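Worksheet: one structure, shown below.
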Amino acid sequence: MEFTRPVSQLIPTRISVRTYDSRKISREDLSALDSCGSEICAPFGSDLAFRVVHLPDLEEGYLASLGTYGVIRGASYYLLASVKESLNALVDFGYAFELMVLKAHDLGLGTCWLGGTFTRSAFAELLGVRPNHIVPCISSLGHYNPSMPMRDRAIRILARSSKRLPWEKIFFHSDLKHPLREETVPKYAVPLEMLRLAPSASNRQPWRIIYDAGIFHFYRYRSSMYLAGMRLTKIPDLQLVDMGIAMAHFELSAQEVGITGAFETMRERKEFKGMDYVVSYKEEI
Numbered sequence: 003m004e005f006t007r008p009v010s011q012l013i014p015t016r017i018s019v020r021t022y023d024s025r026k027i028s029r030e031d032l033s034a035l036d037s038c039g040s041e042i043c044a045p046f047g048s049d050l051a052f053r054v055v056h057l058p059d060l061e062e063g064y065l066a067s068l069g070t071y072g073v074i075r076g077a078s079y080y081l082l083a084s085v086k087e088s089l090n091a092l093v094d095f096g097y098a099f100e101l102m103v104l105k106a107h108d109l110g111l112g113t114c115w116l117g118g119t120f121t122r123s124a125f126a127e128l129l130g131v132r133p134n135h136i137v138p139c140i141s142s143l144g145h146y147n148p149s150m151p152m153r154d155r156a157i158r159i160l161a162r163s164s165k166r167l168p169w170e171k172i173f174f175h176s177d178l179k180h181p182l183r184e185e186t187v188p189k190y191a192v193p194l195e196m197l198r199l200a201p202s203a204s205n206r207q208p209w210r211i212i213y214d215a216g217i218f219h220f221y222r223y224r225s226s227m228y229l230a231g232m233r234l235t236k237i238p239d240l241q242l243v244d245m246g247i248a249m250a251h252f253e254l255s256a257q258e259v260g261i262t263g264a265f266e267t268m269r270e271r272k273e274f275k276g277m278d279y280v281v282s283y284k285e286e287i
C-alpha cells in the first residue's frame with residue numbers, strides 16, 4: 003500500500019466527514035481506490051471485495067433506516083466492501099477497510115465509517131454480495147468543505163470523537179497491573195501512538211495491548227452492554243472491526259519507521275478476565 007504522505011500524518015489528520023459538496027470524484031481518484039482495493043491482503047486471509055458506487059438520488063433517511071449513527075448530508079458516493087463469514091472476518095474487514103479510508107484521505111477525499119444492517123440492503127445488492135458474505139460497514143465518500151459545519155462539530159462532541167484513552171489505560175507490560183512505558187519500547191512509540199488514535203464504534207476504543215517478551219499481544223476488551231446492543235439491533239460486532247482498524251494503524255506505522263514484522267496467532271498466550279485474545283505482532287529479527 004503506497005501513500006503520498008506519511009501514515010503518521012494521515013492518521014492524526016483524518017476526521018469523519020458528514021457533510022459533502024456536489025463535486026464529482028475524478029476518474030483518477032476512483033481508479034486509485036480501485037487499485038488499492040485489489041492490492042489489499044488482510045492478516046487472516048479473508049475473502050474481501052470492494053467497490054465505490056455513485057448514488058446521487060439516495061434518500062438521506064435510507065441510511066438511518068439501516069441503523070447508522072448520525073446524519074450524512076450531500077454524499078453521492080459510497081465506499082462498499084464485503085467479507086466472507088469466518089472466525090476472523092470482522093477483524094480482517096476492519097483492517098482492510100481502514101486502508102481504503104486512509105487512501106481516500108490521502109487523495110483529499112472525506113469519509114465517515116457507517117455501521118449498520120447492510121448485508122441485506124440495497125448497498126449489498128450494488129456490491130453483488132455473494133452467499134455467506136456480509137457487509138459490516140460502509141463509508142460515505144466525497145469532497146467536502148474543510149470548514150466543518152456546526153452540526154458536524156456537535157456530532158463529534160456528542161460522540162467524543164476526538165477523545166482517546168491515555169497510554170496507561172491501553173498499553174501494558176506483561177500483565178494488566180503494569181502499564182507499558184514508552185522508554186521500554188522507544189522504537190514503537192509512533193506505531194503505538196497511531197494505534198491509540200484509531201477510530202472506533204461509539205469511540206469505545208476496545209483494544210488492549212500486552213507487551214511481553216518482545217511480542218505485542220492484541221486483546222479486545224469486552225463491553226457487555228455494547229455487545230448486548232449489537233445483538234438486539236442485529237448489527238455485526240463492530241468491536242472486532244475496531245480491532246482490525248487498530249492493527250492496520252500499528253502495522254502501517256511500524257513499516258514507516260523501518261520495523262518489519264507480522265501478525266500471527268499464538269497458541270500459548272495469557273488469558274485475562276473480560277478480554278478476548280485476537281492476535282499477536284512479532285518483529286522479524
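As numbered in my numbering, residues 3 to 287 make up the sequence shown, in order. Beta carbons are placed, not taken as given, at the ideal position from N, Cα and C, and that holds for glycine. Remember, it's a predicted structure, so these values are computed and weren't measured experimentally.
Residue i in three-state terms, based on DSSP
i	result
residue 249	helix
residue 204	helix
residue 99	helix
residue 214	strand
residue 136	strand
residue 116	strand
residue 46	coil
residue 190	helix
residue 25	coil
residue 243	helix
residue 255	helix
residue 222	strand
residue 177	coil
residue 146	coil
residue 185	helix
residue 198	helix
residue 54	strand
residue 75	strand
Other residues of its chain near residue i: CB distance less than 6 Å, five sequence neighbours each side excluded
i	result
residue 91	48, 85
residue 19	112, 114, 146
residue 75	21
residue 265	45, 281, 283
residue 242	92, 93
residue 233	none
residue 254	9
residue 193	252, 255, 256
residue 247	96, 100, 200
residue 27	79
residue 268	282
Residues of its chain near residue i, where Cβ-Cβ distance is below 8 Å and the 5 sequence neighbours each way are ignored
i	result
residue 271	219, 279, 282
residue 25	144, 145
residue 103	16, 81, 113, 115, 141
residue 174	180, 181, 182, 210, 211, 212, 213
residue 216	284, 285
Neighbourhood of residue i by C-beta, 7 Å cutoff - its chain only, sequence neighbours within 5 removed
i	result
residue 51	83, 84, 129
residue 274	178, 221
residue 7	108
residue 187	213
residue 14	199
residue 250	97, 100, 101
Residue i, enclosing alpha helix (DSSP H) - first and last residue
i	result
residue 15	9 to 15
residue 29	29 to 41
residue 170	169 to 172
residue 124	124 to 129
Run of the beta strand (DSSP E) containing residue i, from where it starts to where it stops
i	result
residue 86	79 to 86
residue 278	277 to 285
residue 263	263 to 266
is_contact[residue i, chain B] using C-beta, thresh 7 Å
i	result
residue 197	Here there is only one protein chain, and chain B is not present.
Are the region 91 to 107 and the region 231 to 242 touching, with three or more C-beta to C-beta distances below 8 Å?
-> yes
Stretch pair the region 18 to 37 + the region 127 to 144: three plus CB contacts closer than 8 Å | yes
May I ask you to verify whether the region 116 to 133 touches the region 166 to 173, counting CB pairs closer than 8 Å and requiring at least 3?
-> no
At least three beta-carbon pairs within less than 8 Å, the region 198 to 216 to the region 55 to 63 | no
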